[in-house]
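Numbered by this note's numbering, the letters in the sequence shown go through residues 218 to 1062 in order.
Glycine included, each C-beta is placed from N, C-alpha and C at the ideal position.
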Amino acid sequence: MRESALVPKLLRILEADHRTMPDTSQQFLFSTLATLLANNPRSTDLQCFGQFLASTLPSYCVSEKHLNLVSWSSSAPAEQSSEGRACPALSFTLSEDEDEASAPLEYGGTVSAANVLLRNKGLHLLYSLMWTSRKEVNQGFCDEVVRILGYDWLLLFMQGHLHDSTMSLALPAITLCLSHPTLLQRFRDSCSSNGCWLADADSFVQSRGSQVLGIQVGHSGQQQRSVPREIQEEALMVPGFQALAWLVVKHSSNKHVYFHLLNLVFCQTPKAVPPEPKFDIDYLWTYIFGAGTHPNTVAVIAPSVCPEGIVLICGILRKLMFQASAGEFLLSRDSLEPGCEWLEELPANMLSFLMYLYHNLRDFASAVHSPDVLSALSRLVFPLQPCDDAKAPPAVPPEISSSPPVMLGSRDEHKGLVRHPARRYVMDFLRMVVFDSFSFPFTGKGPTTIDCILEALPEDCEHSQLCEFQTDLLGTVMDHISAVDVLNPDGVGLPVPPGGSVANVPPNVFYFAGRLVDKLWQGFVWLNPQEILDFVIRLVQQAKKRHFSSASLEPLFRSLNRLILFLLSQRSDAPKDSSKADEGDQKKNPVLETLEKLVIFRGIIFGASNQETEFIGCLIYCLLQLTQNLSISSEGGSRTTWHVDLLSISQSPSTQQVHQAASRVWEEVYVCKKPAIEEWWFPLGQEERLFPSAVNRLVSPQQVFRVTLPVPSGRCPPLGSVRELLHEPASRSWGQFIDGERRSAYKTPWESQHQIQTVSQVRGGDWPDRRKGVAEEWEGVAEEWEGKLQKMTSLARLAARTKRREESLKARPSNISFQEFTQASLIHIALVKELRDFQHRQAIQ
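What follows is the structure in structure tokens.
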């Protein structure tokens, strides 16, 4: 029967007479097709069957949602649901006004309930062949489907304008294939199997290359452009998960989607979805792992986790959160059905379940820490940007559109992050992940968890949205660190997840403090800088109680010093006059408040543990400017000119208080750091020539100034008396510091932090106290580092194969847009329709 090409003949009969054919005749034909396609089918037969099903799809982006299949059942039979397998049984009854529902399209296609019915029966047949008679996965047939038809063929039936019943059959088939590790990896790249179902269509296009073929694309009422009707090679190179992420969000109102995606997350075969599914934690846990299953047992027997599945779920939740809070989507009235209130509560319920999985399953927690999942979680609180007309998918013809659109909001009404109750769940989840990451070692070879969250954000987000997100996240983590004793060596204040260690917490917390100061300098944080200063000082106090070494505290002191200089360099309006407002209602001058804290915490800030001499030079520059009512320049370079701020020369009470506080700080600096100010080893800038590859803003073992300060009667000299001696070297130090802050904004933060820690280890936390021979010593250090770099290059070559293998697990995303991907899919469908028409005419002749 196979050799007689019976499959193409049966498909032509179904295609021509399915509208008038009795149900019993159709069942007989599908049963015969099942026999011919089962057990190692011929490649040409399976390819012909795939093209037949693709030809039932509309060749234009026209919605099938309005079609009424009065009775459509996709629940599993009793004997199969007991096994937990999802092999749907079909039951259809067509609408009485089916003929009125049909709408003629170009290229001879129709959109009708009968056409959807024929397609679904074919998909059900294909899906049933993916299971054996023992209700086990037919791995051989799944391999044949992927090899002969390709994943892009399966994704055709996931398009957003198709009937929900079609998606309910296509997504389980995709999930079933992805439950096998080999097929899962092929889906990640998809380039090796895409387009196989278009083999005959490609040759057909080439044979008709002399004819003008095209498809009209564009909105109704607008100028349309003709796209060449040929194989779109670029669309065939889109990775599977990238395409699935585009398509699955179009079915966010279908409950079955979320259960199938949960199966995909744990690489499980699809199970039958109950008729009335729920979204509470117990129900979802029972669906995935079975009733009465304890989390400790699942942690041992659970299958591997697919991070891309978590990303897909986050993509749908982001759409629902934005749709509920901002309403920027254009929804048709017939999609606003009663009983969809569950969509508003779904994001909070799903996020609660994801956090429950994170707490109880170690493999799931590891997947959440991957950069892609962290990025997807961060994007949940960012609004979606509406598509421009030029980027919209092919429009629906006027006669097909079922109802006028309903505008639920406008873009101008919402500029910040989404205002959805689930936003709190997102921020709590991210805070939880960041805290757990503190227990893992910091390698410096890649972005940390906090960096992945801060940097991997939507490209189209606005600056205010980015600031709001980073302020909310960093503030939440900072408050939580302040509430617990994270530096306790016994781990009492911070729960340590499996695989972590309490010893890794201090350096990671210090790194977080540095990133917090980074974002403050870059202008992405709206937190009160004084609260951040108090937070960093508390960390230093906790660390000194734990007797940390000077070398380990160097990154924390670096953050403290940068924060102090930031606060002193910020302009602030003078407070209101006391005659017009009560003293309690006045806003305190932040510069004055910072100077007072310098005096209060002088033992920490000017103590022996804070060995950064560059900070002393920059601080003296700020004190010199403040005592003369001069603005503190935010421009880099070695600027020695005094820039007078004419707006701030009035001697208000607040200004006098700043002068007095600055003089008091100078006295403390003189007492604690007088040797560092007077002594020197190198002229300023010579270390850059001797050690050009040094980390930015790390000063070599030279002191900032080459001066000898006068000592009147053993007391601190007034700052005005030493201004001429100190101003020029201090302004140079400040200029270099500002240049370094600007350059650091373009550097990779985790690599810079790793270099800082490495140089701290080389220094050992203490500089040798000698004047002679330092140049030779630094030259030796440079040669030693050069040798280490050569060894590192050799090691990098040895590790190249491993790195390439790791990178090969994840395909590079395609640059093609969703609109272009949709156009290509419709063009391919149109080509297959024309190919089948040509084959049908040949068979008749």
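Does the distance from the CB of residue i to the CB of residue j come in under 8 Å?
| i | j | result |
| --- | --- | --- |
| P746 | P807 | yes |
| L841 | V882 | no |
| R229 | H1057 | yes |
| A452 | W370 | no |
| Y838 | S948 | yes |
| P588 | A508 | no |
| T273 | L366 | no |
| S1031 | M454 | yes |
| Q268 | W414 | yes |
| A720 | L812 | no |
| V742 | Q687 | yes |
| V528 | V590 | yes |
| L346 | L254 | yes |
| I667 | R763 | no |
| V328 | P258 | no |
| L246 | L223 | no |
| P772 | F727 | yes |
| L739 | A962 | First, the amino acid is wrong: residue 739 is Gln here, not Leu. The answer is yes: Cβ separation under 8 Å. |
| Y475 | M567 | yes |
| L760 | P723 | The amino acid occupying residue 760 in the given sequence is Ala; Leu does not appear at that position. Result yes, Cβ atoms of A760 and P723 sit closer than 8 Å. |
| L571 | V515 | no |
Just to confirm my understanding: we take residue i, look at its own chain, exclude 5 residues before and 5 after, and list those with CB closer than 7 Å. What are they?
| i | result |
| --- | --- |
| S469 | I533, K536 and L537 |
| S569 | I498 and Y642 |
| Y368 | F404, S407, S410, N411 and G457 |
| H477 | L388, P389, T392 and P487 |
| L563 | F496 and L537 |
| L372 | A460, L461 and L464 |
| S693 | Here residue 693 turns out to be Thr, not Ser, going by the sequence shown. For T693, where only same-chain residues beyond five positions count, the Cβ hits under 7 Å are M644 and R648. |
| E561 | A541 |
| E810 | Q747 |
In chain order, what residues of the same chain lie with their CB nearer than 6 Å to the CB of residue i, ignoring the 5 residues before and after it?
| i | result |
| --- | --- |
| R914 | Legend: pLDDT at R914 = 40, less than 50; position of this residue unreliable, no value from coordinates given. |
| A1064 | Any answer about residue 1064 is impossible in this case: the structure gives the chain only from 218 up to 1062. |
Check each candidate in the options and name the one with the smallest Cα separation from residue i.
| i | options | result |
| --- | --- | --- |
| Q540 | Q602, L594 and L529 | Q602 |
| F765 | L733, V734, L744 and L704 | L704 |
| H576 | D589, V650, L560 and L634 | V650 |
| N332 | Q402, H235, Y277 and W414 | H235 |
| L780 | L737, F655, V466 and L246 | L737 |
| C523 | Q402, E451 and Q449 | Q402 |
| I955 | L782, K805 and E941 | L782 |
| S880 | L847, S850 and P934 | P934 |
| G952 | Q873, P675, F247 and C835 | C835 |
| L250 | L231, T237 and D240 | L231 |
| I749 | A418, F729 and A416 | F729 |
| S826 | F818, F774, I817 and Q787 | F774 |
| G717 | L671, S769, L770 and P658 | P658 |
| F374 | W348, C394 and N337 | N337 |
| C278 | T252, G377, D262 and A489 | G377 |
| H637 | L683, A565, A584 and D668 | A565 |
| M384 | L340, L395, K352 and F421 | L340 |
| E281 | S382, I817 and Q264 | S382 |
| K805 | A768, I822, V875 and D360 | V875 |
| S681 | T660, H697, P723 and K632 | K632 |
| Q449 | K472, N471, A418 and L343 | A418 |
| L843 | A760, S776, L777 and H944 | H944 |
Compute the minimum distance between the beta carbon of residue i and the heavy atoms of the ligand GDP, and state whether it is under 7 Å.
| i | result |
| --- | --- |
| G509 | No copy of the ligand GDP appears in this structure; indeed no ligand is present at all. |
Under 8 Å Cβ to Cβ from residue i, same chain only, skipping five residues before and after it: list those, please.
| i | result |
| --- | --- |
| I833 | V886, K890, A893, I894 and V921 |
| Q356 | H397 |
| K989 | Low per-residue confidence applies at K989: pLDDT is 39, beneath 50, and the placement is therefore not dependable, though the value from the model is reported in the following sentence. No residues qualify anywhere along the chain. |
| Q1007 | Unreliable positioning characterises Q1007 in this predicted model, as indicated by a pLDDT of 48, which lies under 50. The coordinate reading is nonetheless provided below. Excluding positions up to five away in sequence, the list is empty. |
| C359 | M347, L393, C394, H397 and L400 |
| N471 | D381, M384 and S385 |
Inter-stretch contact (C-beta, 8 Å, three-pair minimum) for the region 755-762 and the region 711-721: no
Determine, using beta-carbon pairs with one atom in the region 592-599 and one in the region 632-652, whether at least three such pairs fall under 8 Å. yes
Going residue by residue through the region 741-828, where are the continuous beta strand (DSSP E) segments of at least 3 residues, counting only ones entirely within it? none
For a minimum of 4 consecutive residues, which ranges assigned as the alpha helix (DSSP H) are wholly contained in the region 347-414? 356-365, 368-372, 381-395 and 398-406
Ignoring anything shorter than 4 residues or poking outside the region 458-512, list the alpha helix (DSSP H) runs there in chain order. 472-482 and 498-506
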